[in-house]
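Data block below; observations after.
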Amino acid sequence: MNPASIGYQCTECAGNTTKIVNPIRQNKFIPSRQKAKVTKFLTISLVVVYTLQSILGDILIANFALFAPNVSNGQWWLLITAGFLHGSILHLFFNAYILWVVGGQLESIVGSIRFGIIYLVSLLGGS
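Residues 597 to 723 in this note's numbering are what the sequence shown lists, from first letter to last.
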């Protein structure tokens with residue numbers, strides 16, 4: 597028996613060749629992240645917002661952080677904007693890292709639109 601790209605072949609079927617073909621393994625549970633456009637956009641957005649936060653100081657926190665009385669008064673967008681604010685560089689790093697690793701894989705599985713919806717619903721649920 598000779599190793600083949602899929603399993604083994606008998607010598608007669610393989611044409612008496614001794615060439616060993618290594619199969620290309622592709623894990624269907626970890627798809628390619630090349631098309632993870634939403635994940636890339638969100639990760640870049642997190643970094644840009646944190647950079648602005650570092651430059652502008654408390655202005656972003658005062659205007660875009662989650663504060664229940666403001667939401668009650670109609671500022672519903674705070675439920676979304678608060679998810680892009682971070683308390684420290686370490687907080688940003690871990691959020692961006694998990695988003696990059698898990699988000700990229702999830703987006704490749706469910707697609708960009710569904711991933712965006714999942715992210716938005718999770719953001720609202722977390723707020």
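For every residue, glycine included, the Cβ atom is placed at its ideal position computed from N, Cα and C.
Check: The ligand FAD heavy atom lying under 7 Å from the CB of Thr-639; Outcome: No copy of the ligand FAD appears in this structure; indeed no ligand is present at all.
Check: Option in Tyr-715, Gln-605, Asn-659, Gly-653 with minimal Cα separation from Phe-637; Outcome: Tyr-715
Check: Three-state secondary structure (DSSP) of Gln-605; Outcome: strand
Check: Residues near Leu-642 in its chain [Cβ-Cβ closer than 8 Å; skip 5 each side]; Outcome: Phe-680, His-682, Leu-688, Asn-691, Ala-692, Leu-695
Check: Same chain, Cβ closer than 8 Å to Val-697, neighbours up to 5 away in sequence not counted; Outcome: none
Check: Classification of Tyr-604 by the beta-carbon crowding that lies within 10 angstroms, buried from 16 upward; Outcome: exposed
Check: Beta-carbon proximity check, Leu-720 vs Leu-674, cutoff 8 Å; Outcome: no
Check: For Leu-688, the first and last residue of its enclosing alpha helix (DSSP H); Outcome: 685-694
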